[in-house]
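**Student:** One structure, pasted below without further comment.
There are 2 protein chains.
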Amino acid sequence: MNLKDLAASLGLSQTTVSRALNGYPEVSETTRERVREAARQYGYRPDSRARSLATGKAMSIGLVLPMSATQEIVNPIFADFIAGAAETLSERGYDIMLSLVHEADQGDVYRAMLSKGRVDGLIMQAPLTGDERIALLQEIGLPFVVHGRVSDHDDAYSWLDMDNRHAFHRATDHLLDLGHRRIALLNGLETMDFAHRRRDGFLDALAARRMGADPALMTCAAMTEFYGHDETSRMLDLPEPPTAFLASSLLVGMGARRAIEARGLRMGRDVSVVVHDDGLSYLPNGTPEAPIFTATHSSVRDAGHLCAETLLTLIAEESGPIQTKLQASLTVGPSSGPPPPH
Amino acid sequence: MNLKDLAASLGLSQTTVSRALNGYPEVSETTRERVREAARQYGYRPDSRARSLATGKAMSIGLVLPMSATQEIVNPIFADFIAGAAETLSERGYDIMLSLVHEADQGDVYRAMLSKGRVDGLIMQAPLTGDERIALLQEIGLPFVVHGRVSDHDDAYSWLDMDNRHAFHRATDHLLDLGHRRIALLNGLETMDFAHRRRDGFLDALAARRMGADPALMTCAAMTEFYGHDETSRMLDLPEPPTAFLASSLLVGMGARRAIEARGLRMGRDVSVVVHDDGLSYLPNGTPEAPIFTATHSSVRDAGHLCAETLLTLIAEESGPIQTKLQASLTVGPSSGPPPPH
DNA sequence: AGTCGGGTCCAAAGCGCTTTGGGCCCGATT
DNA sequence: AATCGGGCCCAAAGCGCTTTGGACCCGACT
Chain A
1 MNLKDLAASL GLSQTTVSRA LNGYPEVSET TRERVREAAR QYGYRPDSRA RSLATGKAMS
61 IGLVLPMSAT QEIVNPIFAD FIAGAAETLS ERGYDIMLSL VHEADQGDVY RAMLSKGRVD
121 GLIMQAPLTG DERIALLQEI GLPFVVHGRV SDHDDAYSWL DMDNRHAFHR ATDHLLDLGH
181 RRIALLNGLE TMDFAHRRRD GFLDALAARR MGADPALMTC AAMTEFYGHD ETSRMLDLPE
241 PPTAFLASSL LVGMGARRAI EARGLRMGRD VSVVVHDDGL SYLPNGTPEA PIFTATHSSV
301 RDAGHLCAET LLTLIAEESG PIQTKLQASL TVGPSSGPPP PH
Chain B
1 MNLKDLAASL GLSQTTVSRA LNGYPEVSET TRERVREAAR QYGYRPDSRA RSLATGKAMS
61 IGLVLPMSAT QEIVNPIFAD FIAGAAETLS ERGYDIMLSL VHEADQGDVY RAMLSKGRVD
121 GLIMQAPLTG DERIALLQEI GLPFVVHGRV SDHDDAYSWL DMDNRHAFHR ATDHLLDLGH
181 RRIALLNGLE TMDFAHRRRD GFLDALAARR MGADPALMTC AAMTEFYGHD ETSRMLDLPE
241 PPTAFLASSL LVGMGARRAI EARGLRMGRD VSVVVHDDGL SYLPNGTPEA PIFTATHSSV
301 RDAGHLCAET LLTLIAEESG PIQTKLQASL TVGPSSGPPP PH
């Protein structure tokens with residue numbers, strides 16, 4: 001059942017039916033109601049492609065899942081982020097167009113997405129250091145917002161990012177305030193831009209107290225539980241083991257905990273652990289009243305909401321770049337405490 | 001730059017240009033090359049909406065993320081599944097249209113998706129027990145494949161599912177063979193259809209040896225680490241604690257391990273744990289050579305691949321329902337062993 | 001010499017919608 | 001009585017593509 005049929009069955013023109021359905025004022029209330037009723041009855045739904053072609057709006061936004069051949073891991077953040085974004089987008093009638101891209105031909109896909117008229121805007125995820133995708137998106141000219149930032153790229157573009165540097169600075173301060181002097185950093189993959197910022201925050205905090213970092217206590221890798229476990233184990237076996245660990249994710253922290261407890265030590269008493277908690281729904285940090293880890297916290301789902309919001313604004317208003325920096329909160333839990341007496 | 005312009009700039013008709021670009025034989029090789037070159041040069045990309053409107057194919061498939069108001073948790077499976085599906089889909093030139101749906105108005109959205117002509121087919125995720133979405137999809141008449149099954153719904157529809165029942169039967173057998181008699185089941189939410197099957201497999205295995213299950217040793221909840229930890233703790237404190245745990249996911253198993261180790265017990269020696277491993281990329285079960293858990297394993301990413309494959313077949317051939325049951329493999333790791341002597 | 005047919009290319013008709021530019025009717029204003 | 005101006009509705013022109021149904025040219029076959 002298309003518009004033509006519907007119009008015919010009502011003895012009206014397509015124009016009138018279209019206007020009735022879309023709330024234009026040039027149609028009487030009685031007619032409008034009659035049209036609505038018929039549409040309901042016949043189960044009429046406008047064809048989105050035709051509508052999109054006519055209006056120029058796709059009513060959908062693009063989201064690219066980059067997939068490097070090397071890094072086979074799917075970003076665990078992804079599900080929650082997308083859920084957040086989808087929530088606000090679906091409220092506004094937008095859909096999400098997802099493409100998976102092998103890193104090599106990302107350029108093509110982004111270009112394709114836009115020119116194909118499929119999307120009105122894009123959300124870009126997980127920027128790498130020196131990511132050229134931003135230049136690409138700018139060249140393409142479609143509204144876009146980046147979840148995260150790219151350090152070396154200082155052009156004006158819209159982004160939304162958690163203040164990784166500050167969060168890790170603060171977490172480090174927390175440990176330093178407790179008296180820790182040997183603090184380990186279990187960072188994420190250094191190809192990810194945020195890992196740099198986190199390291200910088202960590203180093204800044206140390207530098208502010210005229211302390212250097214021990215390179216042996218800084219590692220980076222994909223953020224799995226096993227990575228957390230293995231590196232913690234290794235470091236605890238050092239002649240001068242760290243007294244505290246700063247873990248880049250809850251999962252890594254859980255690995256650290258396992259390594260700690262395997263040695264008969266207790267987290268928060270013998271060794272402190274502070275993690276960054278993305279607020280993933282399937283991996284909660286205990287409960288708000290009883291957290292497991294001392295953690296910097298920033299909900300990635302909220303980030304999804306806000307990214308979507310930002311993008312919609314960009315699409316609607318053609319305004320300048322919108323940049324949002326979110327501050328993580330610090331929740332002190334039982335996993336951190338003063339270092340044990342020597 | 002649209003087809004008309006491109007054709008004009010070449011002094012050709014739209015027809016010819018379109019055919020040249022789409023590989024039709026009615027155009028000479030020299031012309032085709034000339035057209036290709038011009039298209040490249042001007043950066044021409046056909047508008048997907050127009051093309052879709054003309055061909056009737058959307059070249060995209062729909063994926064609905066159901067979101068119940070009650071269950072705020074995002075399916076952790078989702079990211080890997082979608083990555084798998086996206087891989088095969090993108091190879092074939094399909095995109096994924098994601099909509100988030102609040103459970104209440106799922107009907108509407110599914111209907112909208114199709115009638116709006118946005119998608120050529122649908123993948124349905126995470127079916128609940130007695131899910132009416134299947135009837136809905138059938139009524140709609142668009143090709144679809146379900147990842148999972150719905151027990152009570154015996155109509156013919158295409159699905160792809162891991163053999164949950166058999167996997168858990170086998171896992172239970174493994175524990176029984178080792179000599180365990182008190183086995184706990186840490187199941188997923190019972191609203192999910194697969195949780196039923198898993199429980200059935202578990203009970204079948206017990207029944208096959210003329211054993212009953214102790215209801216006190218069977219729980220279900222959203223599969224988090226904390227759930228695993230808390231329930232394991234609780235059960236270990238029972239007057240007659242279980243000697244083995246069957247956990248519905250790796251995360252739950254990790255929680256169980258933590259509870260076990262917190263009591264100074266060792267997994268595999270004092271208490272056995274078998275988990276189901278979905279092969280999530282960010283949550284590997286150790287390494288293939290050195291697994292952490294004894295686990296039934298079935299890659300959810302592969303399931304994504306296969307679902308996509310199935311759907312594309314369905315779209316292309318209009319064949320009857322395609323049903324695929326995947327068998328999980330059982331990897332014996334260090335987390336299971338004979339029960340300790342009494 | 002006439003016809004056939006393959007190779008190239010084109011004009012135009014859709015696909016289903018929105019939107020522009022009127023048209024018609026009728027009560028209200030000069 | 002003539003004009004005006006809402007209110008309501010319509011025909012038709014796009015949006016950018018594919019595809020049908022020829023048209024034209026030429027070498028090859030009767």
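In order, the protein sequence lines correspond to chains A and B. Using UniProt numbering, you'd call the opening residue of the first sequence number 1 and step up by one each time. Using UniProt numbering, you'd call the opening residue of the second sequence number 1 and step up by one each time. Beta carbons are placed, not taken as given, at the ideal position from N, Cα and C, and that holds for glycine.
1) Confirm, please, whether the CB-CB distance from Leu326 of chain B to Ser298 of chain B is below 8 Å.
2) Leu137 of chain A to Ala216 of chain A, Cα distance in whole Å?
3) Go ahead and pull the three-state DSSP assignment for Ile134 of chain B.
4) Please list the residues of the stretch 65–90 of chain B that have a C-beta atom closer than 8 Å to any C-beta atom in chain A, keeping them in chain order.
5) So for Asp80 of chain A, helix, strand or coil by DSSP?
6) Residues of chain A with CB under 8 Å from Ala135 of chain B, in chain order?
7) Give a yes or no on whether the C-beta atoms belonging to Val275 of chain A and Leu250 of chain A are separated by under 8 Å.
8) Out of B:Asp177, B:Leu142 and B:Asp154, which one is the CA nearest neighbour of Gly337 of chain B?
9) Is Phe144 of chain A helix, strand or coil by DSSP?
10) If you measure between the beta carbons of Val64 of chain A and Ser90 of chain A, is that distance less than 8 Å?
11) Return the CA-CA distance between Glu139 of chain A and Leu283 of chain B, expressed in angstroms with no decimal places.
12) If you scan the stretch 254–329 of chain B from start to end, which runs of the alpha helix (DSSP H) of 4 or more residues do you find wholly inside it?
13) For Glu231 of chain B, which of B:Met267, B:Ser272 and B:Asn187 has the nearest alpha-carbon?
14) Starting from Phe245 of chain B, follow its DSSP beta bridges and name the residues at the other end.
15) With 8 Å as the C-beta to C-beta threshold (strictly closer), list the residues of the stretch 196–207 of chain A near chain B in chain order.
16) Less than 8 Å between the C-beta atoms of Leu265 of chain B and Leu185 of chain B, yes or no?
17) Compare the C-alpha of Leu238 of chain B against each of B:Leu189, B:Ser319, B:Arg182 and B:Val252 and name the closest.
18) Would the beta-carbon of Asn164 of chain A fall within 8 Å of that of Gly130 of chain A?
19) Kindly indicate which three-state DSSP category His102 of chain B falls into: helix, strand or coil?
20) Could you check whether the Cβ of Arg149 of chain B sits closer than 8 Å to any Cβ belonging to chain A?
21) Does residue 343 of chain B get closer than 8 Å to chain A when you measure Cβ to Cβ?
22) Just checking: is the beta-carbon of Phe226 of chain A within a distance shorter than 8 Å of some beta-carbon in chain B?
23) Using a cut-off of 8 Å between C-beta atoms, extract the partners of Glu261 of chain B located in chain A.
24) Find the nearest neighbour of Asp155 of chain B within the set B:Val332, B:Thr172 and B:Ile134, judged by alpha-carbon distance.
25) Counting only runs of 4+ residues fully inside the UniProt domain "HTH lacI-type" (1–55) of chain A, write out the alpha helix (DSSP H) ranges in chain order.
26) Going by DSSP, which residues form a beta bridge with Ile73 of chain A?
27) For Pro288 of chain B, count the other beta carbons within 10 Å of its own beta carbon; 16 or more makes it buried, fewer makes it exposed. Which is it?
28) What residues in the stretch 152–169 of chain A bring their beta carbon closer than 8 Å to a beta carbon of chain B?
29) Have a look at Leu160 of chain B and Ser151 of chain B and give me their C-alpha separation to the nearest angstrom.
30) Provide the residue(s) that pair with Met97 of chain B in DSSP beta bridges, ordered along the chain.
31) Classify Thr15 of chain B: buried if its beta carbon has 16 or more other beta carbons within 10 angstroms, exposed otherwise.
32) Between A:Glu240, A:Ala303, A:Val74 and A:Ala221, which has its C-alpha nearest Ala86 of chain A's C-alpha?
33) Can you tell me whether Leu80 of chain B is buried or exposed, with buried defined as 16 or more other CB within 10 angstroms of its CB?
34) Note down, in chain order, every chain A residue with its Cβ under 7 Å from the Cβ of Gly320 of chain B.
35) Flag this pair as yes or no: are the beta carbons of Thr172 of chain A and Leu206 of chain A separated by less than 8 Å?
36) Take Lys223 of chain A and list the residues in its own chain whose beta-carbon comes closer than 7 Å to its own, dropping the five residues that flank it on each side.
**Tutor:** The short version:
1) What you label residue 298 of chain B is simply residue 298 of the second sequence in a count that begins at 1. What you label residue 326 of chain B is simply residue 326 of the second sequence in a count that begins at 1. Yes, Cβ-Cβ distance for Ser298 of chain B and Leu326 of chain B is below 8 Å.
2) Position 137 of the first sequence holds residue 137 of chain A. Position 216 of the first sequence holds residue 216 of chain A. Taking the straight line joining both Cα atoms gives about 39 Å.
3) Working through the second sequence from its first residue, we reach residue 134 of chain B at position 134. Helix, per DSSP.
4) Leu65, Met67, Glu72, Ile73, Val74, Asn75, Pro76, Phe78, Ala79, Asp80, Ile82, Ala83, Ala86, Glu87, Leu89 and Ser90
5) Indexing the first sequence from 1 puts residue 80 of chain A at position 80. In the structure shown, Asp80 of chain A sits in a helix (DSSP, three-state: H, G or I).
6) On the second sequence, position 135 is the one that residue 135 of chain B refers to. Chain A residues near Ala135 of chain B: none, gap ~16 Å exceeds 8 Å.
7) Your numbering for residue 275 of chain A matches position 275 in the first sequence. Your numbering for residue 250 of chain A matches position 250 in the first sequence. Yes; because the gap between Cβ atoms is below 8 Å, this pair is in contact.
8) The count along the second sequence starts at 1 and reaches residue 337 of chain B at position 337. Comparing Cα positions, the closest option is B:Asp177.
9) Translated into the one-based positions of the first sequence, residue 144 of chain A becomes position 144. Phe144 of chain A falls in the strand class under three-state DSSP.
10) Sequence index remark: in the first sequence, residue 64 of chain A carries index 64 (1-based). Sequence index remark: in the first sequence, residue 90 of chain A carries index 90 (1-based). The answer is no: Cβ separation not under 8 Å.
11) Taking the first sequence and counting its residues from 1, the one referred to as residue 139 of chain A is at position 139. Taking the second sequence and counting its residues from 1, the one referred to as residue 283 of chain B is at position 283. So the two alpha carbons sit approximately 37 Å from each other.
12) 300–317
13) As a working note, residue 231 of chain B is residue 231 in the second sequence. Closest option to Glu231 of chain B, Cα to Cα, is B:Asn187.
14) As a working mapping, residue 245 of chain B is identified with position 245 in the second sequence. Answer by DSSP bridge pairing, in chain order: B:Ala184 and B:Val273.
15) none
16) Within the second sequence, numbered from 1, the residue matching residue 265 of chain B stands at position 265. Within the second sequence, numbered from 1, the residue matching residue 185 of chain B stands at position 185. Going by C-beta atoms, Leu265 of chain B is not nearer than 8 Å to Leu185 of chain B.
17) Here residue 238 of chain B corresponds to residue number 238 of the second sequence, with the count starting at 1. Here the closest residue by C-alpha is B:Arg182.
18) Against the first sequence, residue 164 of chain A aligns to sequence position 164. Against the first sequence, residue 130 of chain A aligns to sequence position 130. No, these two residues do not count as a Cβ contact at 8 Å.
19) On the second sequence, residue 102 of chain B is found 102 positions in, with the first residue counted as 1. Residue state, collapsed to three classes: strand.
20) Numbered from 1 along the second sequence, position 149 holds the residue referred to as residue 149 of chain B. Not one chain A Cβ lies under 8 Å of Arg149 of chain B.
21) Here chain B comprises residues numbered 1 to 342, so residue 343 of chain B is not present and cannot be evaluated.
22) Position 226 of the first sequence, counted from the first residue, corresponds to residue 226 of chain A. Yes, because at least one Cβ of chain B sits closer than 8 Å to the Cβ of Phe226 of chain A.
23) Along the second sequence, one-based indexing puts residue 261 of chain B at 261. What Glu261 of chain B touches in chain A: Arg258, Glu261 and Ala262.
24) As a position in the second sequence, residue 155 of chain B is number 155, starting the count at 1. Asp155 of chain B has its Cα closest to that of B:Ile134, out of B:Val332, B:Thr172 and B:Ile134.
25) 3–10, 14–22, 29–42 and 48–55
26) Position 73 of the first sequence, counted from the start, is the residue given in the question as residue 73 of chain A. DSSP lists no partner for Ile73 of chain A.
27) Translated into positions along the second sequence, residue 288 of chain B becomes position 288. Label assigned to Pro288 of chain B: exposed.
28) none
29) Along the second sequence, one-based indexing puts residue 160 of chain B at 160. Along the second sequence, one-based indexing puts residue 151 of chain B at 151. Looking at the two C-alpha atoms, the distance is approximately 13 Å.
30) As a position in the second sequence, residue 97 of chain B is number 97, starting the count at 1. Answer is A:Met97 and B:Gly62.
31) Within the second sequence, numbered from 1, the residue matching residue 15 of chain B stands at position 15. Exposed, by the Cβ-count rule.
32) Reading the first sequence from its first residue, position 86 is the one you call residue 86 of chain A. Closest option to Ala86 of chain A, Cα to Cα, is A:Ala303.
33) Position 80 of the second sequence, counting from 1, holds the residue named residue 80 of chain B. It should be noted that the sequence gives Asp, not Leu, for residue 80 of chain B. Asp80 of chain B is buried by the Cβ-count criterion.
34) Residue numbering aside, residue 320 of chain B sits at position 320 when the second sequence is read from its first letter. None at all; the shortest Cβ gap to chain A is about 26 Å.
35) The residue you call residue 172 of chain A lines up with position 172 of the first sequence. The residue you call residue 206 of chain A lines up with position 206 of the first sequence. Yes. Within cutoff.
36) Reading the first sequence from its first residue, position 223 is the one you call residue 223 of chain A. For the sequence presented, residue 223 of chain A should be read as Met rather than Lys. Here the set comprises Gly188, Ser248, Ser249, Leu251 and Val252.
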